[in-house]
Amino acid sequence: MSDIMTPIPFGKLMNWILEENKKGAVFGIKRPFIADPDKTYEIFGRKLETPFGPAAGPHTQLTQNIVASYVAGSRFFELKTVQKLDGEDLPVSKPCIKADDECYNCEWSTELYVPQAFDEYVKAWFACKVLAREYGLGSPDGFQFNMSVGYDLDGIKTEKIDRFIEGMKDASETAIFKECRQWLLDNLDRFEKVSREDVEAISPNVCNCATLSTLHGCPPQEIERIARYLIEEKKVHTFIKCNPTLLGYEYARKIMDDMGYDYVAFGDFHFKDDLQYRDAVPMLQRLQALADEKGLEFGVKITNTFPVDVKQNELPSEEMYMSGKSLYPLSMSVAKMLAEDFGGKLRISYSGGADFFNIADIVDAGIWPVTMATTMLKPGGYERLEQIGQLFAAREAAAFEGVDAAKAAGLVEAVKSDKHHVKAVKPLPSRKINKPVPLTDCFIAPCQEGCPIHQDITRYLQLAGAGEFEQALEVILNKNPLPFITGTICAHNCMSKCTRNFYESPVDIRRTKLEAAEGGFRAVMAKLKAPEITSDKKAAVVGGGPAGLAAAYFLARGGVKVTLFEKEEKMGGVVRNVIPGFRISDSAIDNDVKLVAAMGVEMVNGREITDIEELKKDYDYVVLAVGASEQGILKLETGDTMNALDFLARFKATDGKVELGRNVVVIGGGNTAMDTARAAKRNAGVEKVSLVYRRTRRYMPADEEELVMAVEDGVEFAELLAPVKLENGVLYCKRMVLGDIDASGRRGVVETDQVVEVPADTVIAAVGEKVPGAFYENCGIVLDSRRRPQVNQETLETSVKGVYVAGDGLYGPATVVEGIRDGKMAAEAIIGKALAEDLFKLSDAEAIYERKGRLAEENAHVIDSTRCLSCNSYCENCVEVCPNRANISLVVPGMEKHQIIHVDYMCNECGNCKSFCPWDSAPYLDKFTLFANEADMADSKNQGFTVLDAAAGVCRVRLQGKVMDYTAGSANADVPDGIRKIIQTVINDYSYML
């Protein structure tokens, strides 16, 4: 595969647009923005229907990128930078983009040759003019192009750059301008609303403005010389890109650290080497005066992306450029400084973390046009612009009257606590599943794949959203007998995997489950009947916690007579007896117990099983779900600690009246430690709770949600401390420091000689519990080296025939839903068949496509299914995030779901699709690929095809390394049915791609 993009001829592009539009899209944009021609901004003497568009970057490199952006709502286009280095002479490491959270890139200017870039921009100019008229998107004169040039005066004066600038000012004599104009005149019959007069009225004056981009380290004298050249010699309105290095190293480092980006590595080199603020202000004043004298507009473009070090192999380079949400506080700080020092009279064009949530405030401060890249690189892609367009369609367009320094300062202050910009305490786990992407039918829901019991999440979200709670609960009970417990305290790995994490926040799947349970419980219980006993075998389940309840439920549902034994007086295990009541109520646990009992399970409370030999006399199968009951031990040099689970049980039994003293220290960093600290904070007489951990919060194993709740409850985090001894009400700890980041992203920890004293009347250790090895030994079960029961991984059967282990007692403390998984697995092994089926229904396409690209926070008063993207019906992440539109979603006759193919000649291997594909794959390498010709196919290892003769359907296909000739529509045992259908569909229905 080559990373060199092949520009598409204008006629072929227009044919693509016209044909695809019959399917309701333009380069994948299904929701076009319709501008109001009466609401316009003005800059450089030209109109703008919206004050935003794509930044100079991946979205303004090719014609189709610019067209897609225009259709979605952009009206200001900062074209990708041209410079003397171009084409094959410009080294760009690939992949070059990583945008899964804050964004990084290691490319900076067009990868095309400068004449090719010029042609792309002129083609886009014509295409947008025509589409404005043909599809009623707005005025053909309602948008502007802004050329970006760099990086030194000698380079800008070279013949090819000079020809580029002059051609953008007046393209009338260029070959590409004449070609585009003639094609349109020759094909007027293909348009309904475009006339000859419209085509002839298209101005050759593509651009009357330039943004100067300079490399880091460019001296101020050189920057001023270039700007003067652009103003005096080229006579164009001029913006100068300014870097966050103007802020100074100390300011930038502090704001990054304070906002959670302490792991982003950068030194002070660029801050010392780049343009200094003290030099920038007088230079800008001189240039502003010069532009005024020449009757031109002048301003600054904030910001060039921010150089940081590659530390974790993020990209194949030593340095990369940071953008997106973490750049916003830096960019806006530069804007604030300049607005204050220029009294708001210096015009500021903005880029740096702008998106739907903040762009209105940016423009309200008088800072526009606003250009974006990172938000468009995430799922939703170009469609995110339509929502921003609607935002401005509802507002009055204001003329530029200066930058409001006070508002800019307010934005800087507000961002410091803005959840859309502050880094999460803990990075989310990978949303990928450990499987390669299939060539066909690749749509999956990451939430379901991440759920240990593979719950049918999208299905019950559909039903709950429609108010069908009874049916939604029935779907949940198909795989999960504990909807109230999991709807309240589940660790919700599903939500960590949710695609909406790339938008703003995950769909609240757990809340929706609880709402379905509460809404459907009575109706379901009224008709729930114990299944008929169909087996002559009997099963005993020991332990009434989540794993035991689940095992009993599924065994009974499978027709086995089951008795569930629990040593306590009520079922529920740790959830009932240890987890604090402020986390989950007894009534919620009672409801789940009732659901299990309704299956006909015999429940025996208050009986502890110590000998399974007695049980085996009466039962054919035994499932041990006894939990991790051996206490973890923390040894101090002096002083004793209280066990966390003992404390939590006593806290619950005494209603929070455990004798602890005023100062409590909790040692640990997991979810149990958070529960312990929050409970201790509520305990009578306790004034201060300190949570001691040897690393920082970022590296604690607890879930983000648990950490946040502990902070909200007033728990004080004593980070980077290792406990040593407890004496006279003081816990003495060694101060630790974090070491360097390793390739996995985890930082080592190093002990220092500094001793820190933490007040402690009571120290509670939450350092993990262990499985009851002695109990298993007494049962004759073989243990592994860590004294855990050895089991068959597929069945959970131990060395003792007919005896199974499930839940925390298997490998140690785990989650409730993992216990349910184990209980179901043991039940299925006993019965010998699957006890739940996958329940899927294709979502309504129109409803889902309407949601794509729309950022929307959760509304606690509305069922959150309205934000679900139904990824297993319409994933298409790779399609949405590709700037070049190189991944295509096909409607294939005879296949229920859309199919994805990769178009080789449109791809530059930026790698962005890899970040967002839920599979452990890169679609640009691993999806079935369409090649333009045999040579391109030979230059790639991708599985795919090229069409040799479309009329005859003759193709060459490569599958699993085997190359073969194939005729579309024919039977071929070496070409799977799905692949045959895709090839046939491309030839029949998507021939404009060939």
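For the sequence shown, the working numbering begins at 6 and goes up steadily by one.
Where is the CB? At the ideal position from N, CA and C, for every residue including glycine.
Source: prediction; values computed, not measured.
Identify every residue that forms a DSSP beta bridge with residue i.
i, result
"H907", "N892 and T934"
"A727", "K739"
"L569", "V546 and M608"
"N110", "I102 and Y326"
"H242", "C214"
"P794", "L788"
"D954", "V959"
"T767", "V669"
"P59", "M377"
"Y28", "Checking the displayed sequence, the identity of residue 28 turns out to be Lys instead of Tyr. DSSP, once it has assigned bridges, lists no residue as partnering K28."
Compute the beta-carbon to beta-carbon distance between residue i and residue j, rounded to the nearest angstrom, for a pair I have assumed lies under 8 Å.
i, j, result
"I984", "A973", "With 8 Å as the limit, I984 and A973 do not qualify as a contact, their Cβ atoms being about 11 Å apart."
"L295", "I236", "6 Å"
"N485", "T491", "6 Å"
"P451", "T379", "Wrong, their Cβ atoms sit about 21 Å apart, outside the cutoff."
"G744", "L629", "Not a contact, Cβ separation roughly 42 Å."
"G2", "A552", "With the chain represented from 6 up to 999, any question about residue 2 goes unanswered, as that position is not in the structure."
"D766", "V669", "7 Å"
"G265", "E107", "That pair is no contact at about 10 Å."
Mind checking residue i: buried by the 16 CB within 10 Å criterion, or exposed?
i, result
"T308", "buried"
"K350", "exposed"
"K518", "buried"
"Q460", "buried"
"N363", "buried"
"A554", "Note on identity: in this sequence residue 554 is Leu, with Ala being the wrong assignment. By the neighbour-count rule (16 or more Cβ atoms within 10 Å), L554 is buried."
"R791", "exposed"
"S208", "exposed"
"I260", "buried"
"D931", "buried"
"V694", "buried"
"P728", "buried"
"R195", "exposed"
"T55", "buried"
"S153", "buried"
"M969", "exposed"
"P923", "buried"
"Q965", "exposed"
"V787", "exposed"
"K986", "buried"
Quick check: residue i and residue j, are their CB atoms within less than 7 Å of each other?
i, j, result
"Q1006", "G155", "Since the displayed the chain opens at 6 and closes at 999, residue 1006 lies outside it and no answer follows."
"I1004", "V671", "Residue 1004 lies beyond the stretch modelled for the chain, which goes from 6 to 999, so this question has no answer here."
"C185", "F123", "no"
"P777", "E635", "yes"
"A1046", "V713", "One cannot answer for residue 1046 here, as it falls past the ends of the chain, which runs 6 to 999."
"V742", "V755", "yes"
"G611", "G578", "no"
"K686", "D660", "no"
"A771", "A649", "yes"
"S875", "V442", "no"
"A1042", "A556", "Past the edges of the chain, shown from 6 to 999, lies residue 1042, and the structure says nothing about it."
"N582", "E573", "yes"
Distance cutoff 7 Å, beta carbons only. Does residue i sit that close to anything in chain B?
i, result
"L930", "The chain labelled as chain B is not found in the depicted structure, where only one protein chain is given."
Is the number of C-beta pairs between the stretch 171-178 and the stretch 243-257 that are closer than 8 Å three or more?
Contact check between the stretch 171-178 and the stretch 243-257: fewer than three CB pairs, one atom from each, fall below 8 Å, which does not count as touching.
Per the contact definition of three or more C-beta pairs closer than 8 Å, is the stretch 598-616 in contact with the stretch 561-569?
Under the Cβ criterion (8 Å, minimum of three pairs), the stretch 561-569 counts as touching the stretch 598-616.
Given 8 Å, three or more beta-carbon pairs between the stretch 702-714 and the stretch 417-433:
Three or more Cβ pairs closer than 8 Å define a contact, and the stretch 702-714 meets that threshold against the stretch 417-433.
Below 8 Å, can you find three or more Cβ-Cβ pairs linking the stretch 320-327 to the stretch 91-104?
Counting Cβ pairs under 8 Å, three or more are found: they touch.
Assess contact between the stretch 887-898 and the stretch 534-552, defined as three or more Cβ pairs (one per stretch) separated by less than 8 Å. Is contact present?
The stretch 887-898 makes no contact with the stretch 534-552, as fewer than three CB pairs between them are under 8 Å.
Does the contact criterion of 3 or more C-beta pairs under 8 Å hold for the stretch 391-404 versus the stretch 112-127?
Two segments are said to touch when three or more pairs of C-beta atoms, one from each, lie closer than 8 Å; by this definition the stretch 391-404 does not touch the stretch 112-127.
Determine, using beta-carbon pairs with one atom in the stretch 592-602 and one in the stretch 516-531, whether at least three such pairs fall under 8 Å.
Because the criterion of three Cβ pairs below 8 Å is met, the stretch 592-602 and the stretch 516-531 touch.
Check whether the stretch 508-525 touches the stretch 470-489, taking contact to mean three or more Cβ pairs, one atom from each stretch, closer than 8 Å.
Inter-segment contact for the stretch 508-525 and the stretch 470-489 is present: three or more beta-carbon pairs are separated by less than 8 Å.
Count Cβ pairs between the stretch 589-596 and the stretch 863-873 that sit closer than 8 Å; are there 3 or more?
The stretch 589-596 is not in contact with the stretch 863-873.
Is it true that the stretch 334-345 meets the stretch 12-24, where meeting means three or more beta-carbon pairs spaced less than 8 Å apart?
Not touching, per the Cβ criterion.
Is there contact here, the stretch 842-853 with the stretch 815-824, by at least three beta-carbon pairs under 8 Å?
Contact check between the stretch 842-853 and the stretch 815-824: fewer than three CB pairs, one atom from each, fall below 8 Å, which does not count as touching.
Would you check if the stretch 256-270 and the stretch 225-234 touch, i.e. whether three or more CB-CB distances between them fall below 8 Å?
No, the stretch 225-234 is not in contact with the stretch 256-270.
Contact between the stretch 907-919 and the stretch 932-940: three or more CB pairs below 8 Å?
Yes: at least three Cβ pairs fall under 8 Å.
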